[in-house]
Structures are given as structure tokens and as C-alpha cells.
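Residue numbers (this note's numbering), protein chains in the order written: chain A, 6 to 736; chain B, 4 to 319.
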Amino acid sequence: MADLLIELFSEEIPARMQARAGEDLKKRMTDGLVEAGLTYAGAHALTTPRRLTLAIEGLLDHSPTVREERKGPKVGAPDKAIEGFLRGAGLSRDQLEERDTPKGAVYFAIIEKPGRPAAEIIAEVLEDTIRNFPWPKSMRWGAGSLRWVRPLHSILCVLTREDGSEVVPLDIDGITSGDATWGHRFMAPARISVTSFEDYAAKLKRAFVVLDPKEREAAIWQDATNQAFASGLEVVDDKGLLAEVAGLVEWPVVLMGSIDAEFLDLPPEVLQTSMKEHQKFFSVKNPKTGRIEKFITVANRETADNGATILAGNQKVLSARLADAKFFWENDLRIAKSEVGMEGWLESLGNVTFHNKLGTQAARIDRIAALAREIAPVVGADADLAEQAAKVAKADLSSEMVYEFPELQGLMGRYYAQAAGLPQEVANACQLHYSPLGPSDEVPTEPVSVAVALADKIDTLTGFWAIDEKPTGSKDPYALRRAALGVIRLVLENDVRGGLEGVLQIAAKVHAEKLPFELFVGAKHLPKERYMKAVASAENDDDQFSKAKNIFFSQVLPDLLSFFHDRLKVFLRDQGIRHDVIDACIAMEGNDDLTLLVKRARALEVFMSSEDGENLLQGFKRANNILSQAEEKDGVEYSYGADKKFIEDAAEAALFDALAANEGAISSAIEAEDFAAAMGGMAALRAPVDAFFEAVQVNSDNQVVRRNRLNLLSQIRKVCGQVADLSRIEG
Amino acid sequence: MTQTTAPRSFQEIILRLQTYWASKGCAILQPYDMEVGAGTFHPATTLRSLGSNAWAAAYVQPSRRPTDGRYGENPNRLQHYYQYQVLIKPSPPDLQELYLGSLEAIGVDMELHDIRFVEDDWESPTLGAWGLGWEVWCDGMEVSQFTYFQQVGGHDCHPVSGELTYGLERLAMYILGIDHVMDMPFNDPQSPQPLSYGDIFKQTEEEYARWNFDVANTEVLLRHFEEAEAECAAILAQEHMDPKTGKRIIMAHPAYDQCIKASHIFNLLDARGVISVTERQAYIGRVRTLAKQCADAFVLTEAGGHTGETAGETAA
Numbered sequence: 006m007a008d009l010l011i012e013l014f015s016e017e018i019p020a021r022m023q024a025r026a027g028e029d030l031k032k033r034m035t036d037g038l039v040e041a042g043l044t045y046a047g048a049h050a051l052t053t054p055r056r057l058t059l060a061i062e063g064l065l066d067h068s069p070t071v072r073e074e075r076k077g078p079k080v081g082a083p084d085k086a087i088e089g090f091l092r093g094a095g096l097s098r099d100q101l102e103e104r105d106t107p108k109g110a111v112y113f114a115i116i117e118k119p120g121r122p123a124a125e126i127i128a129e130v131l132e133d134t135i136r137n138f139p140w141p142k143s144m145r146w147g148a149g150s151l152r153w154v155r156p157l158h159s160i161l162c163v164l165t166r167e168d169g170s171e172v173v174p175l176d177i178d179g180i181t182s183g184d185a186t187w188g189h190r191f192m193a194p195a196r197i198s199v200t201s202f203e204d205y206a207a208k209l210k211r212a213f214v215v216l217d218p219k220e221r222e223a224a225i226w227q228d229a230t231n232q233a234f235a236s237g238l239e240v241v242d243d244k245g246l247l248a249e250v251a252g253l254v255e256w257p258v259v260l261m262g263s264i265d266a267e268f269l270d271l272p273p274e275v276l277q278t279s280m281k282e283h284q285k286f287f288s289v290k291n292p293k294t295g296r297i298e299k300f301i302t303v304a305n306r307e308t309a310d311n312g313a314t315i316l317a318g319n320q321k322v323l324s325a326r327l328a329d330a331k332f333f334w335e336n337d338l339r340i341a342k343s344e345v346g347m348e349g350w351l352e353s354l355g356n357v358t359f360h361n362k363l364g365t366q367a368a369r370i371d372r373i374a375a376l377a378r379e380i381a382p383v384v385g386a387d388a389d390l391a392e393q394a395a396k397v398a399k400a401d402l403s404s405e406m407v408y409e410f411p412e413l414q415g416l417m418g419r420y421y422a423q424a425a426g427l428p429q430e431v432a433n434a435c436q437l438h439y440s441p442l443g444p445s446d447e448v449p450t451e452p453v454s455v456a457v458a459l460a461d462k463i464d465t466l467t468g469f470w471a472i473d474e475k476p477t478g479s480k481d482p483y484a485l486r487r488a489a490l491g492v493i494r495l496v497l498e499n500d501v502r503g504g505l506e507g508v509l510q511i512a513a514k515v516h517a518e519k520l521p522f523e524l525f526v527g528a529k530h531l532p533k534e535r536y537m538k539a540v541a542s543a544e545n546d547d548d549q550f551s552k553a554k555n556i557f558f559s560q561v562l563p564d565l566l567s568f569f570h571d572r573l574k575v576f577l578r579d580q581g582i583r584h585d586v587i588d589a590c591i592a593m594e595g596n597d598d599l600t601l602l603v604k605r606a607r608a609l610e611v612f613m614s615s616e617d618g619e620n621l622l623q624g625f626k627r628a629n630n631i632l633s634q635a636e637e638k639d640g641v642e643y644s645y646g647a648d649k650k651f652i653e654d655a656a657e658a659a660l661f662d663a664l665a666a667n668e669g670a671i672s673s674a675i676e677a678e679d680f681a682a683a684m685g686g687m688a689a690l691r692a693p694v695d696a697f698f699e700a701v702q703v704n705s706d707n708q709v710v711r712r713n714r715l716n717l718l719s720q721i722r723k724v725c726g727q728v729a730d731l732s733r734i735e736g
Numbered sequence: 004m005t006q007t008t009a010p011r012s013f014q015e016i017i018l019r020l021q022t023y024w025a026s027k028g029c030a031i032l033q034p035y036d037m038e039v040g041a042g043t044f045h046p047a048t049t050l051r052s053l054g055s056n057a058w059a060a061a062y063v064q065p066s067r068r069p070t071d072g073r074y075g076e077n078p079n080r081l082q083h084y085y086q087y088q089v090l091i092k093p094s095p096p097d098l099q100e101l102y103l104g105s106l107e108a109i110g111v112d113m114e115l116h117d118i119r120f121v122e123d124d125w126e127s128p129t130l131g132a133w134g135l136g137w138e139v140w141c142d143g144m145e146v147s148q149f150t151y152f153q154q155v156g157g158h159d160c161h162p163v164s165g166e167l168t169y170g171l172e173r174l175a176m177y178i179l180g181i182d183h184v185m186d187m188p189f190n191d192p193q194s195p196q197p198l199s200y201g202d203i204f205k206q207t208e209e210e211y212a213r214w215n216f217d218v219a220n221t222e223v224l225l226r227h228f229e230e231a232e233a234e235c236a237a238i239l240a241q242e243h244m245d246p247k248t249g250k251r252i253i254m255a256h257p258a259y260d261q262c263i264k265a266s267h268i269f270n271l272l273d274a275r276g277v278i279s280v281t282e283r284q285a286y287i288g289r290v291r292t293l294a295k296q297c298a299d300a301f302v303l304t305e306a307g308g309h310t311g312e313t314a315g316e317t318a319a
């Protein structure tokens with residue numbers, strides 16, 4: 006048994022790539038070793054800005070000898086066949102074994118592959134790993150052709166056994182392996198020789214390198230929170246920043262500094278974003294006021310002045326940055342509060358392209374505003390407010406602050422709308438209309454925000470459908486799936502009623518009218534010749550254009566609705582609703598009312614897992630099967646309703662009465678959208694249906710009686726089909 | 004490393020950088036005599052990073068970014084500033100150490116400061132160039148850009164050049180402890196005629212800011228852009244064989260001058276606010292096309308590492 010230590014020492018590895026690289030090194034090395042027969046007891050990877058380290062314990066000294074038996078030709082077979090077999094096995098004839106088998110004497114080849122020493126295998130696997138390392142971005146340097154994330158300087162590769170250690174010899178483009186590493190770039194740059202992982206880790210710690218990123222993170226967080234606590238403050242939690250900062254230092258030293266008083270009135274989000282994005286500082290806030298008052302920076306070294314010079318420098322840089330932010334904030338506020346107000350920004354959005362086929366941001370905002378007006382009554386919002394909110398909701402894209410920090414879009418809009426004295430709902434919509442951004446993001450509930458959020462997303466979806474840029478496979482560059490899911494969640498969580506189709510039509514109409522003919526998806530569906538002719542003619546051919554529009558509304562929009570249904574299926578499946586249950590509900594009329602659709606699906610899901618559900622399904626299926634077969638055979642649809650006077654059998658009469666008794670209650674339950682009650686009523690039909698099939702032969706010789714029975718079954722199908730298309734339910 | 008004394012002026016920092024990089028074997032070049040947006044545009048970087056010939060050069064490059072003009076009032080922003088540029092090909096294995104040595108040479112005490120290499124991949128859409136490297140932080144301030152060129156003018160760099168770019172004003176202000184660039188001593192404050200940065204550049208910043216933003220004749224500029232573009236193409240379209248001397252002379256540098264011109268004119272037009280967001284991409288694309296064509300031409304020259312047969316070669 007041996008332990009293996011590998012360190013790949015390079016110039017500074019981007020922080021965001023380190024953790025993944027450590028895992029990749031571990032996986033590729035251990036996979037390669039195991040594949041070559043070298044099993045091991047444990048492995049762990051560690052990373053710093055300058056090194057990827059892998060420690061493997063309990064590795065076999067040799068790969069095991071592998072014995073393989075191959076059955077060859079019969080003894081006495083033609084020489085050619087035997088020679089071919091020998092070539093394949095790499096043996097000579099006298100090495101073959103003759104064995105008696107039921108089919109006579111047969112040659113066998115016994116091939117023994119001797120095990121190989123670990124070092125030999127490690128060298129091969131490591132070279133392969135280095136040459137094919139999956140860096141997200143790699144580079145060449147100097148005159149060489151090796152690729153690494155930044156120049157690779159040395160390879161440490163040491164095998165440790167009880168009786169000592171050895172370097173695994175390896176040479177990759179002139180980089181020779183050894184037992185050497187180097188300490189902290191500034192605090193202990195000298196060369197260090199190591200014999201084992203323990204030796205390596207201990208010596209590096211003495212050379213001011215904390216190898217384990219988790220240990221660096223923990224040390225930074227603990228020191229930062231302690232320092233903040235001592236001042237009665239707290240550090241704003243930011244796991245991503247913590248991981249990044251831990252990837253920028255080998256010897257973390259936490260320093261806390263103050264923010265100049267003149268910047269303390271900036272919105273906390275601005276302070277936090279500026280400090281994080283530009284300086285990678287943590288924000289330190291006063292828990293009593295919520296204001297951010299100090300910052301934490303993490304240096305990579307100790308100094309004789311305890312970091313005073315470093316802190317002063319950082320503070321100075323921060324002040325320059327915040328002076329910029331303050332300048333933007335004050336300029337933006339001046340505009341927001343001026344007579345033109347936020348609408349002043351809209352003008353310049355006329356020069357900003359949203360998408361080269363879908364026009365400028367200003368044009369987009371106009372569309373969204375008009376659509377928000379239409380949607381407002383459906384979601385219980387005031388139409389004027391919704392339109393006003395949609396008009397200014399994206400105005401902050403022109404502000405200086407958002408230009409500098411795009412991630413503050415929406416939030417700045419809210420601040421500026423407040424400063425401009427706009428209604429609170431309008432200010433809220435500036436921020437909230439982007440939501441929900443992901444499956445776990447909160448959904449706005451204020452009607453004005455809901456109206457604008459829906460209008461924004463629906464305009465985007467219909468727009469991209471109109472230019473035929475739909476998501477395909479894993480490609481969804483405009484995040485259209487996210488937009489559709491956003492619409493679904495807005496509708497469901499706010500219990501929005503009324504069909505989606507009408508809104509899609511209104512939104513799509515605007516695109517259909519504004520888009521140039523040659524960009525319009527409807528036009529692409531025209532016969533090619535007509536399309537080419539229409540494009541070629543200088544003026545748009547009105548006739549062709551209206552044809553293209555018809556195609557758009559009749560073919561392309563339904564496709565968008567089924568895109569919504571697909572997203573809905575994924576969404577509901579994640580909530581444990583069976584796909585066949587969803588399909589059965591989508592097959593119903595009015596499936597563009599997503600709230601109703603989901604109400605059906607949830608009721609059906611619950612019902613299907615009950616005994617009644619199973620009963621209803623079996624009764625329905627039996628009736629439906631016989632009926633469908635008869636309809637197919639006869640080529641007619643039996644939908645006239647049964648007539649009591651043609652009833653012959655008691656079971657038949659009982660079913661007829663049960664239907665008559667329940668039908669009204671079921672229909673009114675459906676009307677009231679009480680799908681559970683409706684399905685309870687349907688399940689009550691199970692017993693008479695069963696009795697009916699037990700006692701009655703549907704295919705009577707008397708055609709009148711037969712027709713009447715089929716019409717009776719048809720009534721069952723109709724009644725039971727009012728909640729969902731049960732024929733789509735499996736089982 | 005010997006203990007260095009603190010520099011006292013902007014020019015002393017420049018002089019120390021010159022001395023330092025000269026001692027490391029770089030040819031100390033002079034600034035390129037054209038308006039450029041950054042030191043990278045100097046043909047000593049753009050063109051010389053191409054081809055297989057070894058290269059080591061350092062120089063100051065006055066650079067112009069018309070949109071950054073603030074009439075000399077912003078403490079950190081200027082429309083005209085200086086960059087210090089080092090380009091070494093192939094990039095030596097100790098380039099990071101050489102760089103850190105240069106910081107010590109200009110008075111950065113490594114024992115007191117926190118120097119960090121923070122990921123920053125460099126890309127110049129106008130030059131069709133990109134590389135990987137870092138911005139170098141000193142106590143949280145970006146003091147240099149450090150890049151291993153991977154591609155320039157659409158050509159893979161082989162060998163790879165290491166490029167260092169120092170923003171001189173910002174670096175010097177930090178070392179000298181100055182808060183407003185105009186207050187920075189340009190020459191030694193003890194000299195009989197002490198001059199500050201503002202004494203030299205305050206007025207020019209005002210003049211250029213006004214011209215860049217409000218006065219520059221956009222029609223003329225637009226025309227000049229087109230002319231530079233056309234001239235660049237015309238130069239490159241010439242026969243490689245000079246009919247007068249009978250020598251093979253590919254005019255990559257004169258053509259590249261036109262590319263530089265077009266690029267600067269584009270920057271001026273941008274500052275005048277006459278280029279829309281959509282057009283912007285198109286203009287950048289046009290300059291990139293020129294840069295690529297110049298790079299294509301340069302690699303056919305001797306300085307560009309071309310060694311093959313030239314007989315029978317005709318203009319592309």
C-alpha cells in the first residue's frame with residue numbers, strides 16, 4: 006500500500022474555477038487509476054489560488070496480474086486458423102494448451118498480463134489528466150503548446166510507503182515532476198521538499214499556505230463576524246462572495262474598515278453591490294438601523310503594520326468607487342425628480358435595441374404598456390396605473406446607476422419612482438415586474454405588479470414566437486422557458502382566471518402588425534414561391550400579408566399555448582402530479598385557463614389515488630371501450646341519449662335511473678368547479694355500470710335495443726368526461 | 004532586492020520603469036506617433052505579437068479615450084493619459100516575478116502591500132484579439148493588466164506574448180499619495196520650476212473635452228473614417244513586389260496606420276454621441292476587419308516571421 010500526493014503548481018487560477026478543478030483532478034486521476042487496476046482507500050482534493058492538490062490514500066503498489074483464457078480452434082484445424090489465433094493471443098504454438106472438450110480436443114491460450122508498478126501507471130494517468138484537463142477556458146504560454154488555465158510551473162508527484170517516499174518520474178513538455186513546492190508568494194517564497202501529504206500540509210502551513218478552501222472560508226467568516234460583533238455590527242451573509250474571496254488568498258487576513266460618512270446615505274443595495282462587484286468586500290451593517298456602515302476586506306498576507314497600509318489603500322479605492330456611485334445616484338435622482346421625470350429616460354431607450362428583429366426597448370415598453378392595460382381588469386388592477394407602471398418600469402435601464410450596475414435594474418427603478426412621487430404601486434412594479442425569475446423566486450401579488458409582470462413576459466414570448474426564435478433542446482438564449490414558467494406561476498399563485506388565449510392574441514397582434522414581412526414567422530409558412538415573391542416586391546403584398554397573419558393566428562399561437570402546457574407539465578410533475586392526469590385535463594375545453602386546468606388536475610390527482618377514483622376509471626373504461634368499438638364498426642356516433650321505453654333488463658333500468666339521478670348533481674358540481682364532488686357523483690355510477698355489464702349483452706340482435714344501450718353508454722361517457730378526458734389515464 | 008527610495012514625481016516613476024525594463028533586456032521604444040486608445044494599439048504590440056520572431060519591448064504610450072473626458076475635474080478620469088506597456092515574446096517563465104520587481108523598482112514595498120492577481124480575461128473586439136490573465140491589485144486597486152495573448156487580428160499567437168499594461172496616472176497617484184490627478188507633481192517638487200500634472204494638462208483636458216463632446220465636426224469625421232478604411236484596403240491590395248525597386252515590400256505598417264486612424268475616429272464619433280448602439284457593433288466590426296487584414300499582411304513579412312519562398316507570389 007502507498008499514499009500518493011500530487012500538486013499542480015501554477016500561476017493564479019481564477020477563483021471561480023478552483024473547486025471544480027479540484028474535483029475534476031480527483032475524478033480523472035482516480036478513474037484512470039482504477040481502470041488500470043490500482044484501487045485505493047480514499048482520495049481528497051484541495052485547492053488554493055496557485056495549486057491543485059490531490060491526496061490518495063491506500064493505493065495498491067502494483068496493478069494485479071490479469072489471467073485471461075481464450076478458447077481457440079480445434080486441434081488439427083487448418084494452420085491458417087491456428088496462426089490467426091496465435092497472432093491474436095500474442096503466443097507461439099508451444100505455449101498453447103490442448104484440452105479435451107465434448108467437441109473434441111481444442112487449443113486454449115492462457116494469457117497472463119503481469120501487474121505493473123503503481124508509479125508507471127500514475128505517470129501515465131497523470132500525464133493524460135494534465136493534457137486533457139477540462140478547464141472552462143485554457144491557454145498556451147511561452148513557446149510551448151501545453152494548455153493549462155494559466156502557466157503551469159511544476160508538478161509534485163510523490164508516492165509514500167512505510168519505508169520511504171519516491172518521486173514518480175514524469176515529464177510533460179519540459180515540466181519535470183519532483184518533490185518540491187513553494188510557500189506563500191510573498192511571505193515564504195522558498196522551495197520546500199516534501200515526503201508525504203502530512204509533511205506537505207504541515208510545511209505549507211508553516212509557509213503561510215492554508216491548503217483547504219473550506220478552512221480558509223471558515224477562518225475568514227469567523228474572523229469577520231468576530232470583528233463586526235466587537236463593534237456591535239454584523240456581516241451581511243454572502244456565500245458566493247465568501248467562496249470567491251477564499252479562492253483569492255492562501256493566507257487570509259481579515260481587515261475591517263469604515264465607509265466615509267458622505268456615502269452612508271446611498272441605498273444599502275448600491276453600497277453592497279459596488280463593494281462586492283468592484284472590491285470583493287463584505288458589507289457590514291448596523292442591525293439596529295439596517296444601514297451598511299463598514300466593510301470587510303480579506304488580504305493575502307500579514308504585515309508589520311498589521312494591515313494598516315493595506316486597509317488605508319482599500320479605503321481609498323472604495324471612496325473613489327463610491328464617489329462614482331454617489332455621482333450616478335444624485336444625477337439619476339435629479340432627473341427622476343425633474344419635470345420630465347423617469348419618462349425622460351424612455352426617450353434614450355429609443356436608441357437601445359432590445360432585439361434586432363423586435364425593435365428598440367422603447368417600442369417594447371410601448372407594447373408592454375398597452376398589454377398591461379388589457380390585462381389589468383383580469384387581475385384586478387387599475388388599468389391606468391398598470392399602464393403607467395409599465396411605462397416607467399424599465400426606465401431605469403437608462404439611468405447611470407443601472408448602466409454601471411446592471412444587476413440593480415428594477416430596484417433602482419423603485420427608488421427613482423418613489424423619488425419622482427409616483428404611486429407606491431407603480432414604484433413596486435418597477436422592481437417586481439421582473440419576478441418571478443426562477444422556480445423559487447417569490448411571485449408578486451400586488452395587482453399592478455402582476456399586470457406588468459404578465460404583460461412583460463407575454464410580450465416577450467409572443468414576440469419570439471412571431472420571429473420563430475423558439476427554444477430548441479438545451480438552447481434557450483432568451484430564457485423563454487423561464488418566462489413561460491413565470492407566467493404560469495403568476496397566474497396560479499394569484500388565482501388569475503380567464504383564458505390565456507385571448508391575451509396571447511392581443512399581444513401577438515401587435516407583433517404581427519409591426520414586424521416586417523420577411524421577418525414574420527407567418528410569412529415563412531407561406532408556400533416558398535409566394536413568400537419569395539412577396540419579399541421581392543418592394544411593397545408588402547397585402548393579400549399575402551393577411552394570409553401570413555392567418556397562418557400565424559391559426560398555427561403558431563396554438564403552438565405557443567402548447568409550450569405553456571409543456572412548461573406546466575414540468576411544473577406540476579415537480580409537485581407530484583402524474584403526467585397522464587395532466588394530459589387528461591389538458592385535453593379538455595378551456596385548457597388555456599391555467600388556474601382551472603390546475604384545479605381539475607389537482608382534484609383528479611387526489612381522486613385517482615382513492616378507491617372511488619379506481620371505480621370511476623374502470624366503469625368509464627369499460628363503457629368507453631364497448632362504445633368506441635361499436636362506433637368504429639358502425640361508423641356513427643351514439644349521442645342521442647337512451648330512451649326508457651326500449652329498456653328490457655332490470656340492470657339496464659337501474660343504470661338508467663342512476664344516471665338520471667346523478668347527472669344533475671354532477672353538472673352543477675362541474676359548474677361550481679367542485680371537481681371533487683362531481684367525481685364523487687360519477688363514482689356512484691360504478692355499481693350500476695358493473696351490474697349492467699354483468700347482466701346485459703349490449704350487442705343485442707334487436708338493433709333498436711342495441712342502439713339504445715349504446716346511447717346509454719354514451720351518456721356515461723359524456724357524464725364522466727366532464728372533469729377530464731379519462732381515456733388518457735393509464736391503468 | 005535592494006531597498007528603493009520612494010519616488011517623488013510622476014516622471015520619476017516613468018523613468019524608473021524605463022530603467023527597470025531596460026535592465027531586463029527590453030528595447031525601450033518611444034510612443035507611437037499617432038492617436039491611439041491604448042498602448043496595445045502600438046504596432047510594437049499589435050503586429051509584433053504575431054509571427055514566430057522573438058520580441059521584447061517597453062514604452063510609454065500616450066492614449067486617448069474621448070468619452071472619458073471630464074474637463075479635468077474628475078480626480079481619476081482623463082481623456083488623455085499615459086500607459087506603460089511591456090511586451091515580451093515568448094512570455095518568459097518568470098514574467099510574474101519580473102513584473103513584481105518592477106513594482107518594487109517604483110517604490111511599492113512588498114512587505115507592506117497586498118498584491119493580488121485577480122482573473123480578468125482581456126478582449127479587444129476592435130483588434131480581433133483576446134488573451135487570458137489578470138488585473139493586478141495593489142491593496143484592492145487595479146494597478147496593471149497582465150495578459151498572455153492567445154489571438155491577435157484573428158491569428159493564433161505562437162509563441163505567446165506576455166503583455167503588461169500599467170495605468171500610469173492611477174499607479175503614480177497611489178504611490179505618491181495623491182488624491183486628485185491634477186495635483187500630482189509631474190517633475191520633482193524640489194526643482195526650481197516644479198510642475199504639477201494640472202499645470203501641464205488641466206487646460207488641455209478642458210479644450211479636448213469641449214471639442215470631443217460638442218464641437219468635433221461629425222461629418223468630417225465620418226468621411227475620414229470611410230477614407231481611412233478605403234485607404235487601408237487600397238494599400239493592402241497593392242502587389243507585394245514593388246515595381247520601382249523590384250523588392251518584395253508588403254506595406255503592413257502603413258495599412259495598419261489607417262486602421263489606427265479609423266479606430267480613433269470611431270472613438271471620437273462615439274464621444275460625439277452620433278453612433279447608436281446598433282451601429283456601434285457595426286463600426287467595431289469594420290475596424291476589426293481592417294485589423295485582421297493588417298495582421299494577415301504582417302505575417303507575410305519578414306518581421307512577421309515569414310521565411311518561405313517569395314517567388315511567384317502575387318497580391319491577394
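Glycine included, each C-beta is placed from N, C-alpha and C at the ideal position.
Treat the numbers as computed from the prediction; the structure is a model and nothing was measured.
- Within the segment 107-195 of chain B, complete alpha helix (DSSP H) segments of at least 4 residues are found at 171-179, given in chain order.
- Proximity of the segment 488-504 of chain A to the segment 568-577 of chain A meets the contact definition, three or more beta-carbon pairs being nearer than 8 Å.
- A:M261 sits close to A:K299, with the two beta carbons spaced by under 7 Å.
- At least 7 Å separates the CB of A:A24 from every CB of chain B.
- Along the length of the segment 583-654 of chain A, whole alpha helix (DSSP H) runs at least 4 residues long occupy 584-591, 599-613 and 616-639, reported in chain order.
- Ranked by Cα distance from A:E129, the options A:P107, A:S143 and A:A41 are led by A:A41.
- The beta carbons of A:F625 and A:M684 sit no closer together than 7 Å.
- Counting only runs of 4+ residues, the alpha helix (DSSP H) found wholly inside the segment 465-538 of chain A occupies 485-498, 505-519 and 526-529, in chain order.
- Per DSSP, the beta-bridge partners of A:V71 are A:K118.
- Only buried fits A:E12, as 16 or more other CB atoms lie within 10 angstroms of its CB.
- A distance of 7 Å or more separates the beta carbons of A:A110 and A:G77.
- For A:M144, the neighbours in chain B by C-beta distance under 7 Å run, in chain order, L135, Y151 and Q153.
- Looking only at A:E103, A:V724, A:G318 and A:E506, the smallest Cα-Cα distance to A:N667 is reached by A:V724.
- Three or more pairs of CB atoms, one per stretch, sit closer than 8 Å, so the segment 144-164 of chain B contacts the segment 291-299 of chain B.
- For A:T200, the three-state secondary structure derived from DSSP is coil.
- A distance below 7 Å separates the beta carbons of A:D184 and A:V172.
- Identification of residues in the segment 230-260 of chain A having a C-beta nearer than 7 Å to some C-beta of chain B yields L253, given in sequence order.
- In this model, A:P411 and A:V275 are separated by some 11 Å (Cα to Cα).
- Among the residues of chain A, those whose CB is under 7 Å from the CB of B:N79 are A325, following chain order.
- Among the residues of chain B, none has a CB under 9 Å from the CB of A:G581; the nearest is roughly 42 Å distant.
- When the beta-carbon positions are compared, A:A193 and A:V258 stay at least 7 Å from each other.
- Residue ranges of uninterrupted beta strand (DSSP E) with 3 or more members, entirely inside the segment 36-110 of chain A and ordered along the chain, are 47-53, 56-64, 71-79 and 102-106.
- Interface flag for A:T294 against chain B is unset, since no Cβ pair is found closer than 7 Å.
- The closest CA to that of A:Q227, considering only A:P273, A:S201, A:D265 and A:I301, is found on A:I301.
- Separation of A:E735 and A:E619 (C-alpha to C-alpha, rounded to the nearest whole angstrom) is 11 Å.
- Against B:S279, the close residues of chain A are N356, in the order they occur along the chain (beta-carbon pairs closer than 7 Å).
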